[in-house]
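Note sheet for the following structure.
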Amino acid sequence: MFDSTENPLSIDQKLNGVQSSQPHTSRLIMTSRERILTSIAHREPDRIPADLGATPSSGISAIAYSRLKRHLGISDGQTRVYDVVQQLAQPEEKILDRYGIDVVDVGRTFDTSDADWYDVTLFDGSAAQYPKGFHPEKLPDGGWRSVAADGTEIAIQLKGMNFFDQACFPWVDDYPADMRNALPGAMGNVHWAALVHSPWNHAGDEGFWDTLRANALALRASTDRAITVVVGCNLFEWGTFLRRMDNFLMDLLAEPEHVETLLDALLEIHLGTLAKVCSAVGDIVDVCRFGDDLGTDTGPFMAPATYRELFKPRHAQLCQYVHKNSQMKTFLHSCGSIHSLLPDLIECGFDVINPVQTACYQMEPERLKKDFGNDVTFWGGGSDTRHVLNHGTPQEVKDDVRRRIDILAPGGGFVFNTIHNILPDVPPENIEAMFEAVAEFAVGTA
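Anchor point for the sequence shown: position 325 equals 362 in our numbering, and the numbering is continuous, going up by one each time.
This is the structure in structure tokens:
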């Protein structure tokens with residue numbers, strides 16, 4: 038069980054173990070990288086490892102980030118929206134240090150100059166910056182839209198929306214006759230690819246892979262934090278992006294031959310990407326983050342048998358490639374109720390599951406820890422962003438975090454993070470309370 042002793046120290050002091058009366062000061066103090074990898078190896082680290090912003094599903098919205106900085110009295114620095122689709126901020130070193138964050142994304146080593154950004158005003162009136170390559174058009178209602186060079190509307194953000202929504206579904210009417218040759222162009226008109234975050238917004242730059250390696254080496258030399266690289270490599274989701282959700286769900290049963298052709302074409306592209314990633318940074322980066330939302334609130338999007346037939350063999354090939362050709366651990370982001378798919382995902386070779394959406398069917402933390410706690414690491418599930426973090430009092434947030442840590446942390450296999458991103462409706466005092474609770478529980482027993 039983890040120590041929940043209260044003390045009056047600041048969050049970063051608690052996390053760094055400066056209170057000499059606490060029993061953990063006699064334990065070996067790990068680096069952040071060691072802490073993350075120890076927990077993924079299902080051993081208890083010196084304290085609970087934590088993430089904020091190392092992936093686009095474990096971060097914080099720019100509006101929430103600006104409010105947090107104001108609450109903390111931080112007036113310097115910038116709120117830089119590195120993921121424009123989800124409107125996520127790149128957490129600054131001062132924030133990472135304050136909350137004892139143990140992991141960062143290699144993408145933060147790109148777009149580091151002031152010249153790479155320009156000033157914008159977010160919907161709540163707060164100041165932020167967008168990357169210079171992103172220039173949406175203003176809509177009459179005060180919203181925004183992003184348009185491709187050929188005039189295709191890629192994404193839209195109506196006034197008051199917290200993100201840019203997909204506007205173009207390239208194959209909504211039907212699959213093309215030559216799917217393989219048509220696929221790259223179609224993918225380029227989907228907002229997740231057209232408005233991609235760093236480092237992939239530089240993937241077309243001359244010498245990108247050499248730059249990625251040099252940046253990763255410099256980052257590893259300058260920090261003891263673990264490093265992630267986001268590779269996507271979505272399979273199911275790309276079907277929904279291209280065909281639209283309703284069509285693709287029907288295709289799984291009505292046109293499986295088209296689905297398999299698409300998945301094979303995607304697999305070819307993804308394996309090509311992984312080959313370059315593993316060659317460039319596979320010996321430097323610690324965690325390779327995949328994405329594929331497979332669940333709804335009440336269960337998977339498909340029957341487990343359908344997953345096993347269409348997606349499992351291909352997910353397994355992706356994981357096997359990474360494990361064979363790099364030192365990286367494999368991390369899958371999948372929202373929703375995926376309890377019935379977890380045995381298959383574990384067999385595929387995924388080391389980590391995120392965001393651990395515990396409010397969904399059969400996703401209670403107690404059930405997950407009992408059923409799969411020895412086989413996969415839960416990266417998330419540490420704070421309820423749907424009901425408590427946004428609507429609760431600071432004390433209710435602390436109580437929620439403590440209960441979840443008490444369930445998920447023993448024995449390792451847990452990295453603290455919220456259930457998906459911190460959205461604009463989360464009060465800054467609740468973010469503080471959340472990390473205070475992590476600090477108070479931070480130290481495991483030997």
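In this text, a Cβ means the ideal position worked out from N, Cα and C, and glycines have one as well.
Shown here, Asp-142 sits in a strand according to DSSP, grouped into three states. Here Gln-432 is exposed: its Cβ has fewer than 16 other Cβ atoms, across all protein chains shown, within 10 Å. In this structure Glu-129 is buried. Its beta-carbon is surrounded by 16 or more other beta-carbon atoms within 10 angstroms. Note that the C-beta distance between Gly-410 and Asn-362 is not below 7 Å. Under the DSSP definition of a beta bridge, Asn-391 partners with His-370. Relative to the Cα of Arg-70, the nearest Cα in the group Ala-263, Leu-331, Ala-317, Arg-250 belongs to Ala-263. Listed as beta-bridge partners of Ala-126 by DSSP are Val-118.
Pairing Val-452 with Asp-88 gives a Cβ-Cβ distance under 7 Å. When the beta-carbon positions are compared, Val-463 and Leu-426 come within less than 7 Å of each other.
If you draw a straight line from the Cα of Ala-396 to the Cα of Cys-315, it comes to about 35 Å.
Residue state for Trp-208 is assigned as coil, using DSSP reduced to three classes. In the DSSP assignment, Tyr-167 falls within the beta strand (DSSP E) that extends over 164-168. Taking a contact to require three or more Cβ pairs closer than 8 Å, the segment 191-203 and the segment 240-252 do not qualify as touching. Residue nearest to Ser-94 within the set Phe-472, Leu-286, Val-118, Asn-458 is Asn-458 (criterion: CA-CA distance).
Between Asp-151 and Val-322, the alpha-carbon positions lie close to 26 Å from each other.
If you check the CB distance, Ala-99 and Val-118 come in under 7 Å. Annotated as distal: His-424 and Gln-399, with beta-carbon spacing of 7 Å or more. Ile-77 carries a helical assignment under DSSP once its states are collapsed to helix, strand and coil. The beta carbon of Ala-185 is closer than 7 Å to those of Ile-191, Asn-226, Ala-231 in its chain, skipping five residues each way along the sequence.
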